[in-house]
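See structure below.
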Amino acid sequence: MDLIYLNGLELKCTIGVWDWEQAIQQTLHADVQVGTNTSLPAKTDDLADAVDYHKMTVRLQEVAKAQNYALLETLAEKIADCVLTEFATDYVKIKLDKGAAVKGVRHVGVIIERKSAHR
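Take the sequence shown: its letter number 34 is residue 33 in numbering that gives the first Met the number 0, and every next letter is one higher.
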């Protein structure tokens, strides 16, 4: 399996369990690794045969803005589902970083890994 990655993807969203968090927009940083076979696009040199990471970036930013979230875990699952279904990939690993959301901690977040059930 080959990996395509997006590191430091900025996701603007409304996220958090506190009332004040639900009243503001925050910027999360995401690292996304996508497992797929890149043999065909490597041979054809055609974007139509590849995972279009520009389209993926735009789509994941849309997912983040689509609704208000309480938990990072919920947003991570939505992103994983989007990557696996809309981009027909085999595997995804997502790291969401909420920055210094907890006093005394420089970075807090969640990392999830999912595999496609159809591949």
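Every residue, glycine too, gets a C-beta built ideally from N, C-alpha and C.
What's the C-alpha gap between residue i and residue j?
i      : j      : result
Lys54  : Gly103 : 37 Å
Val101 : Val62  : 24 Å
Ile23  : Thr13  : 6 Å
Gln66  : Gln21  : 11 Å
Ala87  : Ala116 : 11 Å
Glu112 : Asp48  : 24 Å
Lys97  : Thr84  : 25 Å
Asp51  : His106 : 29 Å
Lys114 : Thr37  : 17 Å
Tyr90  : Met0   : 9 Å
Asp18  : Leu59  : 25 Å
His28  : Leu70  : 15 Å
Thr73  : Pro40  : 32 Å
Report, in whole angstroms, the separation of the C-beta atoms of residue i and residue j, which I expect to be a contact under 8 Å.
i     : j     : result
Lys11 : Thr26 : 5 Å
Val31 : Tyr68 : Their Cβ separation, rounded to whole angstroms, is 17 Å, which puts Val31 and Tyr68 out of contact at 8 Å.
Thr56 : Leu8  : 6 Å
Ala75 : Val33 : Not confirmed; about 14 Å, so no contact.
Taking DSSP as the reference, what is the three-state secondary structure of residue i?
i      : result
Ala29  : strand
Asp1   : strand
Val109 : strand
Thr35  : strand
Lys102 : coil
Lys97  : coil
Ile78  : helix
Looking at the ligand PLP, does it come within less than 7 Å of residue i, judged from the CB to the closest heavy atom?
i     : result
Leu59 : Ligands in the displayed structure: none, and consequently the ligand PLP is not present.
Taking contact to mean at least 3 C-beta pairs separated by less than 8 Å, is the segment 35–46 in contact with the segment 69–85? no
Segments of 4+ residues assigned as alpha helix (DSSP H) that fall wholly inside the segment 43–73: 52–64
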